[in-house]
Amino acid sequence: MSSQAPSHPPSIDAIVERAGQLGCPRALVVREARHAADRARRGEITIDEIDGEVREAIAALRRPSLRRVINATGVVLHTNLGRAPIGSIDQIEGYSNLEFDLRSGKRGKRDVHAGSLLSRLLDRPAIAVNNNAAAVYLVLHELAAGREVLVSRGELIEIGDGFRIPDIMARSGAILREVGATNKTSIEDYRSALSDRTALILRVHPSNFHISGFTAKPGLDELAALAREAGVPLYEDLGSGCLTDLREFGIHEPLVRDSFAAGVDVVSFSCDKLLGGPQSGIIAGRKDLIERVRKNQMYRAFRCDKLIVAALESTLRRLLFEELNEVPALWMIRRSANEIKARAEDMLEGLSADLVPGHSVIGGGSTPDQRLATWLIALRGDAVAWERKLRASRVPVIARIADDRCLLDLRTVFPADEGELRSALFVK
Ligand SMILES: *Cc1c(COP(=O)(O)O)cnc(C)c1O
1035 MSSQAPSHPP SIDAIVERAG QLGCPRALVV REARHAADRA RRGEITIDEI
1085 DGEVREAIAA LRRPSLRRVI NATGVVLHTN LGRAPIGSID QIEGYSNLEF
1135 DLRSGKRGKR DVHAGSLLSR LLDRPAIAVN NNAAAVYLVL HELAAGREVL
1185 VSRGELIEIG DGFRIPDIMA RSGAILREVG ATNKTSIEDY RSALSDRTAL
1235 ILRVHPSNFH ISGFTAKPGL DELAALAREA GVPLYEDLGS GCLTDLREFG
1285 IHEPLVRDSF AAGVDVVSFS CDKLLGGPQS GIIAGRKDLI ERVRKNQMYR
1335 AFRCDKLIVA ALESTLRRLL FEELNEVPAL WMIRRSANEI KARAEDMLEG
1385 LSADLVPGHS VIGGGSTPDQ RLATWLIALR GDAVAWERKL RASRVPVIAR
1435 IADDRCLLDL RTVFPADEGE LRSALFVK
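So the number in the working numbering is just where the residue sits in the sequence shown, counting from 1, plus 1034.
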């Protein structure tokens, strides 16, 4: 007990009385008043601080907890900041034709909104679910439950947050049949593992790590030929669904269309990685297989809400019409170091900071080792204090600390947020 502990417990009624002006349900005030009084009793705050504590607690409940932030880390798909940033979404307030066919006046399917764009982008039927983890589960559950799935030992990966391929496979009811070694798997390894129990061959894109040295694995086309010969589908979990060629910007990610060209039957991928859309997952490929997956009872548990459908549709339309700068993550990746330098020079004016060359990263568990050249604003002074101050701004600014310096990378800052960022930097 601290010496500040009061001898008389504060009266809840009196606190509630004084908080009367807050204009919110009495029960809410009573609850916060009890909480503040308990804290005062334990000596964590003084009696004088109780009213302020209640006021602050209620104000905090009124403010959205999920807030817009300025990402100055230079990590384009920042897992903690919601991966791909959200661009403008075509309006869908109120009701929508989510499952209503406006032409016939009959019941429609929610798949058509993203589906018609996806079928043009991918040349294959496709459906969307809540994320790629759900997509992987659904494909394995529908196409391989109770039967074997061949996977290379080098592809039994953990994506992050405990999402592991072997575990998801066990949950789906499919039986994992490991093939080859961690660093080397040959087409013969797959061939000798084939049996009448085999339902599927799975290729997993190792999105967040890189095996180098004495390594080998068969090409997708070889694997596709073997799958055809054996009469089983080839399914590729692509991780990051890259629909646009970003090689000229230094990003080497397999393109979805290359997988189909190689003969893959079904692919799945995330929409909030390199595709640049909202959290969701796409399953695309051979018509008969997609129809089966669509009819799986678990599809209903994984289907996307209308807000996601709207955001996904907006993103896909921009990709189809090649308006790549309208997809924020792609706009960011496509900026040159010189362009960022020029913006940083403007930001620097009157600021105690240096401009230093550095790297932005893609992040989001994709494109390991792939970095983009950039220019960083290195703030002079206490890095930890800077980071904390920026994070406490009206629109929180998330910066990065490296080598005891607080760094800002404008690659991931929207130009429209530069004014806000500058005010955050100059706040006393
Ligand atoms: C990211 C990733 C997943 C999981 O996707 P979510 O959309 O985050 O659920 C699955 N597999 C691979 C290879 C990935 O890179």
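Ideal placement from N, C-alpha and C gives every residue a C-beta, glycine not left out.
Separation of the CB atoms of V1290 and R1320 is rounded to 14 Å, and the pair is thereby denied contact status at 8 Å. Burial state of G1398 is buried, judged by a 10 Å Cβ sphere holding 16 or more other Cβ atoms. For the pair R1052 and D1085, the CB atoms are nearer than the 8 Å cut-off. Distances between the C-beta of N1105 and the heavy atoms of ligand 1 are all 7 Å or more.
Beta-bridge pairing by DSSP links N1105 to I1432.
Within the same chain, Cβ atoms closer than 8 Å to the Cβ of P1200 are found at L1190, L1210, the five residues on either side in sequence being excluded.
For D1271, the CB falls within less than 7 Å of some heavy atom of ligand 1. In this chain, R1237 is not harboured by any alpha helix (DSSP H); it is covered by the beta strand (DSSP E) spanning 1232 to 1238. D1306 has its alpha-carbon roughly 23 Å from the corresponding atom of S1206. In terms of CA proximity to R1337, V1163 leads the group E1066, E1083, V1163, R1089. Counting along the chain, F1248 sits inside no beta strand (DSSP E), nor does DSSP assign it H or E at all. DSSP, reduced to helix, strand and coil, places I1126 outside both helices and strands of the structure shown, so it counts as coil. Shortest gap from the CB of K1307 to any heavy atom of ligand 1: under 7 Å. Around the beta carbon of P1449, fewer than 16 other beta carbons sit within 10 angstroms, so the residue counts as exposed. Three or more Cβ pairs closer than 8 Å define a contact, and the segment 1109 to 1117 falls short of that threshold against the segment 1320 to 1333.
A straight-line Cα-Cα distance of about 28 Å links F1355 and A1167. Beta-bridge pairing by DSSP links T1080 to no other residue. Assigned with DSSP and collapsed to three states, R1405 falls in strand. Note that the segment 1279 to 1298 does not touch the segment 1141 to 1148; fewer than 3 beta-carbon pairs, one per stretch, sit closer than 8 Å. Between ligand 1 and A1450, a heavy atom-to-CB distance of less than 7 Å is absent.
Contact check for F1303 and L1272: beta-carbon distance about 4 Å, within the 8 Å limit, so the pair qualifies.
Nearest neighbour of G1284 by Cα position, chosen from S1370, R1334, R1352, turns out to be S1370. A1376 counts as exposed, since fewer than 16 other C-beta atoms from the protein chains shown sit within 10 angstroms of its C-beta. In the structure shown, I1209 adopts extended strand secondary structure according to DSSP, grouped into three states. With the rule of 3 Cβ pairs closer than 8 Å, the segment 1117 to 1127 counts as touching the segment 1308 to 1319. In summary, P1267 is buried, with 16 or more beta-carbon neighbours lying within 10 Å of its beta-carbon over all protein chains present.
A straight line joining the alpha-carbon of R1231 with that of P1159 spans about 27 Å. Within the same chain, Cβ atoms closer than 8 Å to the Cβ of V1213 are found at L1184, V1185, S1186, R1187, T1219, D1223, Y1224, A1227, the five residues on either side in sequence being excluded.
Separation of the CB atoms of D1388 and A1412 is rounded to 5 Å, and the pair is thereby assigned contact status at 8 Å. Taking 7 Å as the cut-off, the C-beta of F1336 does not count as close to any heavy atom of ligand 1. When DSSP states are grouped into helix, strand and coil, I1120 belongs to the coil group. The alpha-carbon of E1176 is positioned some 51 Å away from that of D1438.
In the DSSP assignment, V1301 falls within the beta strand (DSSP E) that extends over 1300 to 1304.
Closest by C-alpha distance to V1429, out of L1455, I1126, R1334, is L1455. The secondary-structure analysis by DSSP pairs P1449 with nothing; it has no beta-bridge partner.
Within the same chain, Cβ atoms closer than 7 Å to the Cβ of A1258 are found at L1268, A1296, G1297, V1298, the five residues on either side in sequence being excluded.
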